[in-house]
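All you need for this note's numbering is the position in the sequence shown, starting with 1, plus 4.
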Amino acid sequence: MHRQPHLDEIGALILLRQFGENMGVNLDTPHHYIDATAVLSWENPELQQLLLDHDYTEDSLPCNLTADELEEHCGILFVGTGGGRFDEHPDPELGREVNTSSIRLIADELGEDLPAQLEDFVVYVDEEDARHKRMYCGPLELSQLVRMMQNINTPEDGIYNFLEKIVEGRVRWPKNAAPHELADPASAYEAVMHFMKDHFGEKGQSFFSATPDALAQELGCKSDPAMEQLLTYCRHLESRILEGKVELYEFAMLPRLMFAEPGSLSERSDLWRDDRPSHMKMIATMKHVEQKHFFTAGRTEYDTNKELIEIPVGRKTMKVVFLESTMFGLDRVARKVDQAAIIVIRNPETGHVVILTNFRVLKKLNVGRIDGTTNRKTYLDQLTRMIRIAERRHGSAVHYRYDKRQLIAEGQIPGAENWFYDARIPLLANGTRSAMNVKPTTIPWEELKRLVLTAFDSRIMAPECLMDGVCSKVACTSKLYQYSLKRCRDVQHPPRPDGPVSHKAFLSGFGSGR
């Protein structure tokens with residue numbers, strides 16, 4: 005798996021280890037984390053060490069390897085990276101579709117070996133990762149908890165072990181159990197609902213009706229600006245619990261799934277009544293750490309380093325934020341504080357750049373569209389094309405043929421392999437926490453900022469276009485022609501004054517004497 009794996013890759017690996025006996029994979033071998041965009045060759049130090057640990061040498065294996073070859077010859081299976089059969093990233097050459105996930109690929113491979121109780125888990129993870137139907141899911145759902153645990157530097161294996169318990173508990177109990185079966189216990193989810201309603205409903209009071217100082221004392225920390233936000237969050241959670249609207253996966257933090265060991269519901273309820281529910285405290289503590297970082301250190305870093313530029317889009321305004329910082333998570337501050345639509349963050353120590361978006365704002369600005377079939381979003385297509393052209397110009401001696409479609413393809417393309425494009429989020433990244441060994445961009449920072457602004461500011465055009473309304477094409481003084489911008493195409497092919505005419509109607513005019 006790649007570093008800092010998502011819920012998808014972790015869930016896929018758990019399914020593989022738990023139920024993949026018939027797939028011919030040695031499930032007893034340990035799993036490893038490598039760079040997400042690493043080249044599979046002996047030049048990759050992580051892969052080199054892995055192969056040496058398995059007694060392979062450069063003489064016994066080819067220099068440039070594929071994931072399929074490594075699986076066949078070495079028994080090394082890649083999940084979520086490497087380009088193998090369980091890498092969900094789009095690959096036109098392999099015919100891999102856009103909307104898929106590692107967990108769906110492995111679930112399909114498992115077939116009947118996958119317990120029926122886990123189908124809803126697979127669907128949940130697939131929707132969150134591949135189709136982004138849960139992009140703004142609740143803060144206690146599994147996908148958010150994985151991110152939260154990563155943000156507070158939980159070890160990767162610790163997150164894996166945590167999720168493994170969730171899957172084991174999900175297999176053990178059926179999804180829909182009658183209330184009288186809870187004492188077995190038949191369903192962790194229904195048991196939690198029963199317990200929480202009973203505990204909260206009779207008393208008619210909230211665990212979190214306390215003041216920020218009281219909650220801080222309960223959590224064993226000092227009160228700070230994040231505490232009131234945390235209280236609001238927890239009260240909202242309680243209201244959803246009482247209304248029965250909380251999903252199974254929002255109770256993922258239950259220690260041992262609360263009922264994952266033998267014992268009756270009454271015994272467990274008595275145990276939990278004697279003390280504040282441990283799972284609520286654990287979640288509150290994690291959320292508090294994250295919120296404290298967000299409201300204090302993150303806000304200070306953001307205000308100190310941000311460069312905010314506003315671009316008119318029709319009657320509205322698009323906010324673009326440029327940042328140079330080593331701190332993770334500042335994009336959240338930009339979305340919260342300034343409602344920024346585009347956030348460009350450069351790591352001054354390594355030179356890596358990541359371009360993030362605020363999808364809700366972009367959608368309101370109507371600067372792109374969404375493909376209803378693939379869920380592909382075009383908001384960063386223009387910028388992606390420009391950056392890849394610039395990267396090829398600065399960093400490669402090879403001349404690449406201009407291919408308009410290839411330049412906006414998801415994933416990586418030749419000559420600009422250090423930029424990864426995910427149009428479903430959308431995001432354009434030159435290195436992330438999952439891919440730290442990526443070569444930093446060769447595009448100077450100031451030029452990169454100009455490219456970002458040019459991609460979205462339709463006022464930026466060649467002087468001759470503004471004066472004469474005529475496109476100079478390859479002679480364009482602003483060198484915008486090479487990027488195939490929409491505003492340039494509008495100058496090259498202006499609409500007819502009496503409205504658009506179809507190609508068929510245009511051709512028919514030659515035979516009618518018009």
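Note that CB positions come from ideal geometry on N, CA and C, so glycine has one too.
C-alpha gap between residue i and residue j, whole angstroms
i	j	result
D426	E75	26 Å
F363	H6	25 Å
H356	Y487	23 Å
I315	D342	14 Å
T445	L432	12 Å
E113	N165	23 Å
P498	C469	12 Å
T300	E160	26 Å
G382	I374	Inspection of the sequence shows that residue 382 is occupied by Thr rather than by Gly. Looking at the two C-alpha atoms, the distance is approximately 7 Å.
Y306	E92	34 Å
H403	K310	36 Å
S227	R303	17 Å
L81	V442	22 Å
G84	K477	42 Å
C480	I447	21 Å
T308	I346	18 Å
P467	F424	33 Å
R389	I313	22 Å
P259	Q8	Residue confidence for P259 is low, a pLDDT of 32 falling below 50, so the modelled location carries little weight and cannot support an answer.
G115	A71	22 Å
V474	V495	6 Å
G399	K296	40 Å
D367	G88	Note that residue 367 is Lys in the sequence shown here, rather than Asp. Each residue's Cα considered, the two are about 34 Å apart.
L35	I391	Per the sequence shown, residue 35 should be read as His rather than Leu. So the two alpha carbons sit approximately 35 Å from each other.
E451	E73	41 Å
R319	M465	20 Å
W449	C492	25 Å
F298	E232	13 Å
R339	M27	44 Å
Q154	S482	44 Å
T236	F90	41 Å
F121	E414	First, the amino acid is wrong: residue 121 is Gln here, not Phe. If you take the alpha carbons of Q121 and E414, they lie about 33 Å apart.
For residue j and residue i, believed in contact at Cβ under 8 Å, the rounded distance
i	j	result
D130	S105	5 Å
D12	D133	4 Å
V324	A344	7 Å
L360	M322	No, L360 and M322 are not in contact; Cβ-Cβ is about 14 Å, not under 8 Å.
I163	I14	7 Å
F23	L167	About 15 Å; that fails the 8 Å criterion.
F460	V365	Wrong, their Cβ atoms sit about 12 Å apart, outside the cutoff.
K490	Q416	Actually they are not in contact, since the Cβ atoms of K490 and Q416 sit about 24 Å apart, beyond 8 Å.
H10	V150	7 Å
L384	P430	4 Å
R380	R428	6 Å
Strand pairing of residue i, partner residues [DSSP]
i	result
M322	I315
T361	I346
D426	L431
G415	Y425
L118	DSSP, once it has assigned bridges, lists no residue as partnering L118.
E328	R350
I374	K381
Closer than 7 Å: residue i CB and nearest the ligand HEM heavy atom
i	result
I391	Of the ligands one can find in the structure shown there are none, so the ligand HEM has no counterpart to examine.
Please confirm if the stretch 346-359 is in contact with the stretch 319-334, defined as three or more CB-CB distances below 8 Å between the two stretches.
yes
Pair every Cβ in the stretch 335-344 with every Cβ in the stretch 432-444, then say whether three or more of these pairs are closer than 8 Å.
no
Contiguous beta strand (DSSP E) assignments of at least 3 residues, all confined to the stretch 428-471
431-434
Inter-stretch contact (C-beta, 8 Å, three-pair minimum) for the stretch 383-403 and the stretch 417-424
yes
Are three or more beta carbon pairs between the stretch 116-128 and the stretch 11-26 nearer than 8 Å?
yes
So, does the stretch 454-466 touch the stretch 406-418, judging by three or more C-beta pairs under 8 Å?
no
Entirely enclosed beta strand (DSSP E) segments - the stretch 380-408, minimum 3 residues:
none
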